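Worksheet: one structure, shown below.
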Amino acid sequence: LIAATHPGPWVLFFEGDCETVVADTAWLEYVEAPAPAVWPDTVEQGQPALLVAQGGTVQWYADSASAEPLAGGDTLAVPAADSTQVFWAASTWSYGGGAWHTGMPEHAGSPYSSNIYNAGLIFDCMYPFVLHSVRLYTDTYGVRIIELKNEEGEVLQSRHVNLQSTDTVVVLDMPVEPGQNYLLTTNTNSNIATFGFTSPRLRRSDEDVAFPYEVPDVLSIHDTPYGTFYYYYFYDWVVEVAPVICESERVPVELVVLSPTATVAPAAPQALSLEVWPNPAAGVVQVRLPANFAFRQMAPGALPILNVYDLTGRQVLAVPFAQANGCQLDVSHLPKGIYQLEVVAGQVVLQARLAVQ
367 LIAATHPGPW
377 VLFFEGDCET
387 VVADTAWLEY
397 VEAPAPAVWP
407 DTVEQGQPAL
417 LVAQGGTVQW
427 YADSASAEPL
437 AGGDTLAVPA
447 ADSTQVFWAA
457 STWSYGGGAW
467 HTGMPEHAGS
477 PYSSNIYNAG
487 LIFDCMYPFV
497 LHSVRLYTDT
507 YGVRIIELKN
517 EEGEVLQSRH
527 VNLQSTDTVV
537 VLDMPVEPGQ
547 NYLLTTNTNS
557 NIATFGFTSP
567 RLRRSDEDVA
577 FPYEVPDVLS
587 IHDTPYGTFY
597 YYYFYDWVVE
607 VAPVICESER
617 VPVELVVLSP
627 TATVAPAAPQ
637 ALSLEVWPNP
647 AAGVVQVRLP
657 ANFAFRQMAP
667 GALPILNVYD
677 LTGRQVLAVP
687 FAQANGCQLD
697 VSHLPKGIYQ
707 LEVVAGQVVL
717 QARLAVQ
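Using the working numbering, you'd call the opening residue of the sequence shown number 367 and step up by one each time.
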C-alpha cells in the first residue's frame with residue numbers, strides 16, 4: 367500500500383521476472399469542501415432569531431461534534447431565544463455522479479432465438495453503479511427471475527418481474543461493485559416451471575448489434591454467452607452513479623441574547639428587534655414594533671421608513687412604517703436569500719432578518 371499525497375498522475379512500476387512492468391496511469395483529484403459563510407444574530411430575550419449560513423448544502427448542529435443535524439438549509443430559525451448560545455454550521459458539496467443510458471436502445475432484427483437457449487449480457491464494472499432499469503420485449507406474459515451473476519457463476523442478486531405487456535421498462539435497482547465478466551441473465555429453472563422451456567421468451571437482436579456498449583470509466587457491456595452477433599434481452603440500461611459527498615469543517619454561529627431594555631431611546635443608538643412573520647416567507651409579510659414600544663422624538667405626522675437590504679448592504683426596498691400598525695411588505699419579487707430589515711427613528715434602530723424562499 368502507498369499513500370497518495372498530491373493530485374495528478376500516479377503510475378505503478380514493479381519488477382517482473384524479466385522486465386519492469388508498468389501499470390496503467392491513475393489520476394488523483396482532490397475536491398474542495400469550503401466552510402459556509404455565516405451571519406450571527408443579536409436579539410432581545412424572548413424574541414425570535416434567524417441565523418444564516420450560505421455555501422453548498424448547509425446542515426446545522428447543536429455543537430461541534432454531534433452526529434445528527436438540528437436542521438438543514440441556509441437559515442436556522444430560533445422561535446424564542448432565552449440566552450446566548452452557539453450553533454454550528456457545515457456545508458456539504460456534491461461532485462460527479464449522474465445517470466446514463468447504455469446498451470442497445472431498442473430491439474432490432476428477428477425477435478426470438480430457439481426455446482433451448484437462456485442467454486444474457488456479459489459486462490465489466492470499473493466504478494460502482496446502480497443498474498436502475500432495463501427494457502424488455504416479449505410475446506409471452508408472466509414472471510421472470512432476472513439474475514446478476516459473478517464471473518464464477520454465483521448469483522449475487524435477483525429480481526422477480528411480472529411482464530404483462532409486449533414492451534416493459536422494469537426497475538431493478540441492482541448495486542454493482544467493480545469486477546469483470548458479470549452476467550445479467552434469467553433463471554433457467556423458473557423459465558422451465560413457468561413456460562415449459564429454458565428460454566425466458568424475451569426478444570434478442572440480430573441486427574445493428576455493435577458491442578461494446580459503454581459508460582466511460584463506469585461499465586462496458588462487451589459479450590454474451592453465445593458471442594457478439596446477438597444482443598440478448600436487456601435493452602436501454604439506465605445506470606446511476608452516486609456523487610462524491612464532502613462535508614466542510616463546522617463553523618460556530620453565535621446567537622447573542624440581550625437582557626430586556628427600556629423603551630425610551632438612549633442617548634446613543636440602540637438596536638432593538640422588529641416582529642416579522644411569517645419568516646421565512648415567499649409573499650407578503652407583516653412587520654411590527656416590539657410589544658409596548660413607541661417611538662420618541664419624532665416630528666408630528668412623520669413616519670419612519672422601513673429599509674430592506676440584501677447581504678451585500680445594497681438597499682432593495684424602502685416603505686413607510688406606520689408607528690401603530692407597522693406595515694405589510696411584499697417580498698414575492700425579491701430573489702431568494704437573506705435580507706436585513708431596518709427602521710431608524712431618532713436614536714432608536716429596530717432590526718430583523720428575513721429569509722425569502
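The C-beta atom is built at its ideal place from N, Cα and C for all residues, glycine as well. Here the structure is a predicted model, which is why all the values come from computation and not from measurement.
If you compare alpha carbons, which of 369, 605, 395 and 381 is closest to residue 375?
Against the sequence shown, residue 375 aligns to sequence position 9. When the alpha-carbon of residue 375 is set against those of 369, 605, 395 and 381, the nearest one is in 395.
Sequence-distant residues of its chain with Cβ nearer than 8 Å to residue 647 (five each side left out):
The residue labelled residue 647 in the question sits at position 281 within the sequence shown. The residues are 697, 720, 721, 722 and 723.
Who does residue 528 pair with in a DSSP beta bridge?
Your numbering for residue 528 matches position 162 in the sequence shown. Per DSSP, 509.
Whether residue 670 touches residue 709 by CB criterion (8 Å):
To locate residue 670, count along the sequence shown from 1; it is residue 304. To locate residue 709, count along the sequence shown from 1; it is residue 343. Yes, the pair counts as a contact, with Cβ atoms nearer than the cut-off.
Where DSSP assigns a beta bridge to residue 441, which residues make up the other side?
Numbered from 1 along the sequence shown, position 75 holds the residue referred to as residue 441. According to DSSP, residue 441 bridges with 418.
Would you report the Cα separation of residue 682 and residue 676, rounded to the nearest angstrom?
Counting from 1 along the sequence shown, the entry for residue 682 is found at position 316. Counting from 1 along the sequence shown, the entry for residue 676 is found at position 310. Distance between the alpha carbons of residue 682 and residue 676: 7 Å.
Terminal residues of the beta strand (DSSP E) in which residue 559 lies:
Taking the sequence shown and counting its residues from 1, the one referred to as residue 559 is at position 193. No beta strand (DSSP E) holds residue 559; the alpha helix (DSSP H) holding it covers 554-561.
For residue 566, count the other beta carbons within 10 Å of its own beta carbon; 16 or more makes it buried, fewer makes it exposed. Which is it?
In the sequence shown, residue 566 corresponds to position 200, counting from 1. Buried.
Backbone secondary structure at residue 392 - three-state DSSP:
Taking the sequence shown and counting its residues from 1, the one referred to as residue 392 is at position 26. Three-state DSSP puts residue 392 in a strand.
Proximal residues to residue 523 (C-beta, below 6 Å), its chain only, five neighbours per side dropped:
Translated into the one-based positions of the sequence shown, residue 523 becomes position 157. Around residue 523, the same chain offers 514 and 540 as residues with beta carbons nearer than 6 Å, after the five sequence neighbours per side are excluded.
Do the CB positions of residue 588 and residue 577 come within less than 8 Å of each other?
The count along the sequence shown starts at 1 and reaches residue 588 at position 222. The count along the sequence shown starts at 1 and reaches residue 577 at position 211. In this structure, residue 577 lies closer than 8 Å to residue 588 by Cβ.
From residue 370 to residue 391, what does the alpha carbon distance come to, in whole angstroms?
Here the question's residue 370 lines up with position 4 in the sequence shown. Here the question's residue 391 lines up with position 25 in the sequence shown. The straight-line gap from Cα to Cα measures roughly 13 Å.
Looking at the secondary structure, which residues open and close the beta strand (DSSP E) in which residue 492 lies?
Along the sequence shown, read from residue 1 onward, the residue named residue 492 stands at position 126. Annotation for residue 492: no beta strand (DSSP E) segment contains it, and DSSP assigns it neither H nor E.
Helix, strand or coil: which one does DSSP assign to residue 703?
One-based indexing of the sequence shown puts residue 703 at position 337. DSSP places residue 703 in strand when its eight states are reduced to three.
In its own chain, which residues sit with a C-beta less than 7 Å from the C-beta of residue 497, not counting the 5 before and 5 after it?
Mapped onto the sequence shown, residue 497 falls at position 131. For residue 497, where only same-chain residues beyond five positions count, the Cβ hits under 7 Å are 538, 540, 542, 603 and 605.
Please work out which residues of its chain come closer than 6 Å, Cβ to Cβ, to residue 422, disregarding the five sequence neighbours upstream and downstream, and give them in chain order.
For this step, residue 422 is matched to residue 56 along the sequence shown. By the criterion of a C-beta distance shorter than 6 Å, residue 422 is surrounded in its chain by 457, 458 and 459, once the five residues flanking it on both sides are discounted.
Suppose the cutoff is 8 Å on Cβ atoms and the five residues either side in sequence are ignored; what does the same chain contact list for residue 622 look like?
Indexing the sequence shown from 1 puts residue 622 at position 256. Excluding the 5 residues flanking it on each side, residue 622 has same chain C-beta neighbours closer than 8 Å at 406, 407, 408, 409 and 450, in chain order.
For residue 467, count neighbouring C-beta atoms within 10 Å of its own C-beta (all shown protein chains included) and say buried if the count is 16 or more, exposed if not.
Taking the sequence shown and counting its residues from 1, one reaches residue 467 at position 101. Exposed: under 16 other Cβ atoms inside 10 Å.
Taking DSSP as the reference, what is the three-state secondary structure of residue 571?
In the sequence shown, counting from the first residue as 1, residue 571 sits at position 205. Taken through DSSP and simplified to helix, strand or coil, residue 571 comes out as strand.
N-terminal and C-terminal residue of the beta strand (DSSP E) that residue 673 is part of
Position 307 of the sequence shown holds residue 673. It spans 671-676 - the beta strand (DSSP E) in which residue 673 sits, taken as one unbroken run.
For residue 756, three-class secondary structure by DSSP:
Shown here, the chain extends from 367 to 723; a query on residue 756 therefore has no answer.
Euclidean distance between Cα positions of residue 631 and residue 462:
As a working mapping, residue 631 is identified with position 265 in the sequence shown. As a working mapping, residue 462 is identified with position 96 in the sequence shown. In this predicted model, residue 631 has a pLDDT of only 44, less than 50, meaning its place in the structure is not dependable; the value taken from the coordinates is given anyway. Each residue's Cα considered, the two are about 55 Å apart.
Cutting at 7 Å between CB atoms, please list the residues of its own chain near residue 618, excluding the five before and the five after it.
On the sequence shown, position 252 is the one that residue 618 refers to. Result list for residue 618: 452 and 454, in chain order.
Along the chain, where does the beta strand (DSSP E) that runs through residue 586 open and close?
As a first step, residue 586 must be located in the sequence shown, where it is residue number 220. It spans 585-589 - the beta strand (DSSP E) in which residue 586 sits, taken as one unbroken run.
Can you tell me whether residue 464 is buried or exposed? The criterion is at least 16 other CB atoms within 10 Å of its CB, across all chains shown.
Counting from one through the sequence shown, the residue named residue 464 turns up at place 98. Classification for residue 464: exposed.
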